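Okay, so the sequence shown: first residue is 1109 according to the working numbering, each after it adds one.
Working notes for the structure below.
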Amino acid sequence: MNARTELPTGTDLLAEIDRLRRERNAVILGHYYQKPEIQDLADFVGDSLDLSRKAAATDADVIAFCGVRFMAETAKILSPDKTVILPDMDAGCSLEDSCPPEQFAAFRAQHPDHIALTYINCSTEVKALSDIIVTSSSAEKILSQLPADQKVIFGPDRNLGGYLMRKTGRDMLLWPGVCIVHEAFSETELLKLKAQHPGAPVAAHPECPAIILDHADYVGSTSGILDYAKAMAGDTLIVATEPHIIHQMEKAVPEKTFIGAPGADGNCNCNICPYMALNTLEKLYVALRDLSPRIEIEEGLRQRAKVSLDRMLAMASGTVGLGDLGPLRAN
Ligand code: 13P
Ligand code: SF4
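This is the structure in structure tokens:
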């Protein structure tokens, strides 16, 4: 249940959040899809892998997670002794919704010779049913460490899975989930925009369907897209991911122009993630004040989910081989 957000008139939210952050020994983690005012006050802004690493390593007592619920749950799985708060507990994800744990368990049972490589955008229950978690920035590296003959189920994002299959030439069984935000880009409108900005490259997130990725000059995670924006030679970039990341681009390279790729109506507003948008400064203030809404996970479930997340952290860092990580479910 979400905390009440009525505040005394005249509350200086930024000052109050700063005061509470110090009093609580809290770290504020923010995803690139958060509103600019939240990105600007966060102690750390990053992609899903960066944020998982920060959550695992922090010495703060409280993690205020400005992102969506599966991200805050990941922080709690990795740092069970910390208090993890999420400004709005309704901040879910269409990919998580597309993959109910019972259906995923039944799918796994139908394919006992497959391991489950699972995108981090899923519930804690699905993480507990998986062998290895990946993020968009670590998926290819982790996949390359699996034996070539190992059969793999990839879920819940069929677009990221399809992209990995095309990129690596590897076959996988795909769960049919999608991100509603990245599904909303329109190829017709993108081609019109490209015609208006000849020579401007397109950077796209792999959650986009293939019909959009086919027009991309660069495909990568949010932090990958940000790095591309900084390094590219040209002065204009078309950005096919949730448009709040443009805030970081404009801060990093203000002399360049960034244009959000359009949806079917030619208006990129339909690509704002409705779940990420639920978090506000007011709700963050209340969450820090009340230490609620708070993430709680049953301990047995947490430990099962941690196995697949720990494998991700080890394999993404490249310091640990698959053989050192214990038997996978299908072996
Ligand atoms: P990354 O930031 O890891 O690229 O993930 C994007 C996303 O979908 C977050 O929900
Ligand atoms: Fe989920 Fe898509 Fe929103 Fe990311 S952008 S949280 S994948 S709905």
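Glycine is no exception: its CB is placed at the ideal position from the N, C-alpha and C atoms.
Small disclaimer: the values here were computed from a predicted structure and weren't measured.
Distance between beta carbons of residue j and residue i, contact taken as under 8 angstroms
i       : j       : result
Val1347 : Ala1324 : About 10 angstroms; that fails the 8 angstroms criterion.
Ser1262 : Met1280 : Per the sequence presented here, residue 1262 reads as Phe, with Ser not at that position. Indeed, because the Cβ distance is near 4 angstroms, the residues count as touching under 8 angstroms.
Glu1204 : Asn1229 : 6 angstroms
Ala1076 : Val1327 : Residue 1076 is absent from the structure shown; the chain starts at 1109 and stops at 1439.
Leu1334 : Gln1356 : 6 angstroms
Ser1400 : Gly1285 : Incorrect: roughly 30 angstroms between the Cβ atoms, too far for contact.
Endpoints, the beta strand (DSSP E) within which residue i is located
i       : result
Phe1173 : 1170-1174
Val1192 : 1191-1193
Ala1224 : 1222-1227
Leu1137 : 1134-1139
Lys1184 : That residue, Lys1184, is in no beta strand (DSSP E); its alpha helix (DSSP H) goes 1177-1186.
For residue i, the nearest candidate out of the options (CA to CA)
i       : options                            : result
Glu1248 : Ser1231, Leu1272, Met1340, Asn1229 : Leu1272
Leu1345 : Phe1366, Glu1406, Ile1353          : Phe1366
Leu1268 : Ile1319, Pro1220, Leu1128          : Ile1319
Tyr1336 : Ala1308, Glu1315, Pro1208, Val1415 : Ala1308
Ile1136 : Gly1426, Pro1208, Ile1193          : Ile1193
Leu1121 : Glu1390, Ala1165, Pro1264, Ala1183 : Glu1390
Gly1332 : Leu1115, Leu1157, Ala1123          : Leu1157
Glu1404 : Arg1177, Arg1161, Leu1128, Asp1155 : Arg1177
His1222 : Thr1182, Ser1238, Ala1303, Gln1411 : Ser1238
Ala1172 : Ser1425, Arg1410, Ala1395, Lys1414 : Ala1395
Leu1186 : Pro1144, Leu1436, Ser1416, Ala1424 : Ser1416
Gly1342 : Asp1398, Thr1349, Pro1195, Val1361 : Val1361
Arg1130 : Gln1304, Ala1150, Cys1316          : Ala1150
Thr1182 : Pro1144, Lys1143, His1219, Thr1243 : Thr1243
Thr1191 : Arg1278, Glu1363, Val1170          : Val1170
Met1384 : Ala1199, Leu1159, Ala1164          : Ala1199
Asn1133 : Ser1160, Thr1166, Leu1159          : Thr1166
Ile1380 : Leu1399, Ile1353, Leu1298          : Ile1353
Gly1154 : Leu1128, Ala1339, Ser1329          : Ser1329
Leu1321 : Leu1299, Ala1424, Ser1231          : Leu1299
Closer than 7 angstroms: residue i CB and nearest the ligand SF4 heavy atom
i       : result
His1352 : no
Tyr1271 : no
Cys1201 : yes
His1290 : yes
Met1197 : no
Met1464 : Not covered by the structure: residue 1464. The range shown for the chain is 1109 to 1439.
Cys1230 : no
Cys1381 : yes
Glu1315 : yes
Tyr1141 : yes
Whole-angstrom distance between residue j and residue i, CA atom to CA atom
i       : j       : result
Ile1125 : Thr1117 : 15 angstroms
Glu1358 : Tyr1140 : 13 angstroms
Asn1110 : Met1179 : Caution applies to Asn1110, whose pLDDT of 45 falls short of 50 and renders its modelled position unreliable; the value that the coordinates give is listed next. When rounded, the distance between both Cα atoms is 17 angstroms.
Leu1301 : Ala1369 : 8 angstroms
Pro1188 : Ala1236 : 15 angstroms
Arg1216 : Val1260 : 10 angstroms
Thr1276 : Tyr1227 : 17 angstroms
Ile1240 : Asp1148 : 33 angstroms
Gly1408 : Asp1265 : 26 angstroms
Ala1213 : Ala1123 : 47 angstroms
Ala1438 : Lys1184 : Any reading at Ala1438 must be qualified, since the residue scores a pLDDT of 48, below 50, and its modelled position is unreliable; the value itself is stated next. Each residue's Cα considered, the two are about 27 angstroms apart.
Leu1254 : Leu1225 : 10 angstroms
Gly1175 : Gly1138 : 6 angstroms
Arg1274 : Lys1162 : 31 angstroms
Pro1351 : Lys1143 : 10 angstroms
Ser1252 : Lys1414 : 22 angstroms
His1219 : Leu1282 : 12 angstroms
Leu1128 : Arg1397 : 7 angstroms
Pro1208 : Pro1317 : 22 angstroms
Met1420 : Ala1168 : 23 angstroms
Glu1363 : Glu1406 : 49 angstroms
Met1197 : Thr1349 : 23 angstroms
Leu1115 : Gly1426 : 47 angstroms
Proximity test, residue i beta-carbon vs the ligand 13P heavy atom, cut-off 7 angstroms
i       : result
Asp1155 : yes
Val1176 : yes
Thr1330 : yes
Ser1243 : The amino acid at residue 1243 is misidentified as Ser; the sequence shows Thr. Correct: Thr1243 has its Cβ closer than 7 angstroms to the ligand 13P.
Cys1287 : yes
Start and end residues, alpha helix (DSSP H) containing residue i
i       : result
Leu1345 : Not the alpha helix (DSSP H): Leu1345 falls in the beta strand (DSSP E), residues 1344-1348.
Val1286 : Where Val1286 is concerned, there is no enclosing alpha helix (DSSP H), given that its DSSP letter is neither H nor E.
Leu1301 : 1295-1304
Ala1312 : That residue, Ala1312, is in no alpha helix (DSSP H); its beta strand (DSSP E) goes 1310-1312.
Leu1417 : 1407-1425
Ile1319 : 1318-1321
Val1394 : 1389-1398
Ile1250 : 1247-1251
Ile1333 : 1330-1339
Ala1269 : Just to set this straight, residue 1269 is Gly in the shown sequence, not Ala. Looking at the DSSP string, the run of the alpha helix (DSSP H) that includes Gly1269 is 1266-1276.
Thr1232 : 1232-1236
Closer than 8 angstroms to chain B by CB, residue i
i       : result
Ile1333 : The chain labelled as chain B is not found in the depicted structure, where only one protein chain is given.
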